[in-house]
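Participant:
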Amino acid sequence: RMASAPPSYCFVAFPPCSKDGLVVFGKNSARPRDEVQEVVYFAAAAHDLGSKVECTYIEIEQVPKTHAVVLSRPSWLWGAEMGANEHGVCVANEAVVTREPASESEALLGMDLVRLGLERGATAKEALDVIVALLEEHGQGGNYYEDGSTCHTFQSAFLIVDRNEAWVLETSGKYWAAEKITEGVKCICNQLSLTTKIDAEHPELRNYVRSQGWWNGDSDFNFSEVFSLADDHLACCSGRESLEKQGGDVSAQAMIDVLRDKDSGVCVDSESFLTTASIVSVLPQDPSFPCVHYFTGTPDPSRSIFKPFIFVDDVKIVPKVQSPSFGNDDPAKKIPRFQEKPDRRHELYKAHEWVRSLLENDQDKGQKLMRIMLDLEKQGLEAMEDILTRTEVLDPAEVVDLFYDCVDTELKFFK
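The numbering used here applies: residue 27 is where the sequence shown begins, and numbers increase by one.
(1) Would you please state the rounded distance, in angstroms, between the beta carbons of C168 and E132? I believe it to be under 8 Å.
(2) Report the rounded CA-to-CA distance for P229 versus G165, giving the unit in angstroms.
(3) Are there 16 or more other CB atoms within 10 angstroms of the CB of G323, so buried, or fewer, so exposed?
(4) So, for D431: in the same chain, excluding its five sequence neighbours on each side, which residues have a beta-carbon less than 8 Å away from its beta-carbon?
(5) Excluding five sequence neighbours on each side, which residues of the same chain lie with their C-beta closer than 6 Å to the C-beta of A280?
(6) Under 8 Å, with one C-beta from each stretch per pair, do the stretch 56-65 and the stretch 345-354 reach the 3-pair mark?
(7) Would you kindly work out how many angstroms separate the C-alpha atoms of S77 and A70, rounded to a whole number?
(8) Taking 8 Å as the threshold, find out whether the stretch 396-415 comes into contact with the stretch 310-318 through three or more Cβ pairs.
(9) Where DSSP assigns a beta bridge to S98, which residues make up the other side?
(10) Tell me whether V52 is buried or exposed, calling it buried when 16 or more other Cβ atoms sit within 10 Å of its Cβ.
(11) If you draw a straight line from the C-alpha of D369 to the C-alpha of G47, how long is it?
(12) Could you check if D326 is buried or exposed, using at least 16 other CB atoms within 10 Å of its CB as the buried criterion?
(13) For T124 versus L218, is the C-beta spacing smaller than 8 Å?
(14) Compute the Euclidean distance between the alpha carbons of E366 and G174, then round it to the nearest angstrom.
(15) Whole angstroms is fine: what's the gap from E80's alpha carbon to L103's?
(16) Compare the C-alpha of L255 against each of N216, E270 and T222 and name the closest.
(17) What's the call for F335, buried or exposed, on a 16-neighbour Cβ count within 10 Å?
(18) At the level of alpha carbons, what is the spacing between S34 and V294?
(19) Which residues bound the beta strand (DSSP E) around F180?
(20) So, under 8 Å CB-CB, A128 and F180 are touching, yes? Tell me the CB distance rounded to an integer number of Å.
(21) Is there contact between the stretch 397-408 and the stretch 370-379, where contact requires at least three CB pairs shorter than 8 Å?
(22) V117 and G109: beta carbons closer than 8 Å?
(23) Please identify the residue among S55, A31 and C43 whose C-alpha is closest to the C-alpha of T301.
(24) Taking all protein chains shown into account, do 16 or more other C-beta atoms lie within 10 angstroms of the C-beta of S44, making it buried, or fewer, making it exposed?
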């Protein structure tokens with residue numbers, strides 16, 4: 027039996043469910059409990075003709091120009107669980123299990139495709155086109171976890187969002203289908219969700235499933251039914267109801283509240299898995315306003331602070347949420363891989379371990395600290411709300427140190 031995929035959740039809310047012309051995106055990344063996620067920024071860059079890019083396991087052709095990106099990623103790999111680019115595109119990935127076993131041979135990981143879509147796509151649809159073209163060319167496969175003893179492989183689903191629309195893209199091997207969304211609330215998790223509303227698909231998809239005997243061509247083509255194992259494609263989204271209940275008022279705060287909810291199962295804290303990092307993005311439909319991306323950079327959003335990031339030139343780099351680099355000595359880069367596990371904790375992660383133990387051992391002190399932290403987060407949310415509602419254009423100098431200062435303040439509180 028295939029190992030079950032980690033139960034991550036991603037959401038998007040469009041008007042009329044979300045507030046005043048805002049698209050709100052969010053994801054909890056559920057991963058192995060001890061895995062560290064870092065938040066990294068890469069500036070836009072031009073690349074020489076014929077140059078290559080080294081992804082997690084394989085090298086592929088580079089493109090002439092890559093967009094600036096900010097990513098939340100397991101610190102041993104090249105790609106990302108989730109992130110955004112300078113054009114207001116956000117992408118998150120889900121590991122899914124389909125009736126086709128995922129390939130163990132090293133190819134592109136779903137997480138590599140998240141980063142490649144963001145680096146190469148200036149709209150959600152462009153990012154989708156990039157991802158499916160690379161799937162066709164290189165395939166997906168390889169170990170999803172930093173684990174030298176077992177190869178954990180999955181197929182991928184993606185939520186790809188920009189200021190105007192979202193695409194849910196679900197894949198099995200190189201085959202895929204996608205649905206376009208422009209209103210309401212959509213949630214995807216670690217199982218297939220596309221049914222008969224398909225707005226784009228692999229040109230050979232239907233021929234392929236007929237040749238496999240999975241669909242006879244007479245009934246409506248239902249992607250989840252055709253590709254899921256048995257009854258795996260049930261409605262999975264417990265967080266969706268909470269967002270729909272907001273009645274046209276989904277904001278960054280509402281999305282954060284949904285991601286923090288342990289009772290609904292959206293915030294995962296189980297024996298094998300933990301929400302190791304979270305993101306919330308607010309994308310104004312009016313392009314004269316900046317997009318705001320909030321990252322935790324630490325596990326368990328119910329004990330973490332969402333800190334804002336805005337793309338501007340020369341944005342200040344934040345080493346305190348970056349894991350140490352081991353270069354070519356990294357056990358993830360040597361064959362056989364993952365023979366040992368280096369200490370990948372960054373400074374903010376280490377500070378959080380202390381907070382976690384405080385919350386477990388001295389409830390009063392821990393609760394008091396959390397109240398101060400949440401107050402800090404609230405100030406950040408209110409300052410961003412101000413930026414998104416004022417009439418004058420944002421001065422980049424005002425936000426160039428934004429994420430840096432928030433991380434710095436958070437660390438000072440822990441000290």
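Cβ coordinates follow ideal geometry from the N, Cα and C atoms, glycine included.
Facilitator: Reading it off the structure:
(1) It should be pointed out that residue 168 corresponds to Gly in this sequence rather than to Cys. With a Cβ gap of about 4 Å, G168 and E132 count as contacting.
(2) Across the structure, P229 and G165 are spaced so that their CA atoms are roughly 16 Å apart.
(3) buried
(4) none
(5) Cβ neighbours of A280 beyond the five flanking positions: Q272.
(6) yes
(7) 16 Å
(8) As far as the Cβ criterion goes, the stretch 396-415 touches the stretch 310-318, which means the pair count is three or higher.
(9) V65 and M108
(10) Per the sequence shown, the amino acid found at residue 52 is Gly instead of Val. By the 10 Å Cβ count, G52 comes out buried.
(11) 43 Å
(12) buried
(13) Contact flag set, yes.
(14) 8 Å
(15) 11 Å
(16) Relative to L255, the option among N216, E270 and T222 whose CA is nearest is N216.
(17) buried
(18) Approximately 8 Å, taken between the alpha carbons.
(19) Where F180 is concerned, there is no enclosing beta strand (DSSP E), given that its DSSP letter is neither H nor E.
(20) 5 Å
(21) Short answer: they don't touch.
(22) yes
(23) S55
(24) buried
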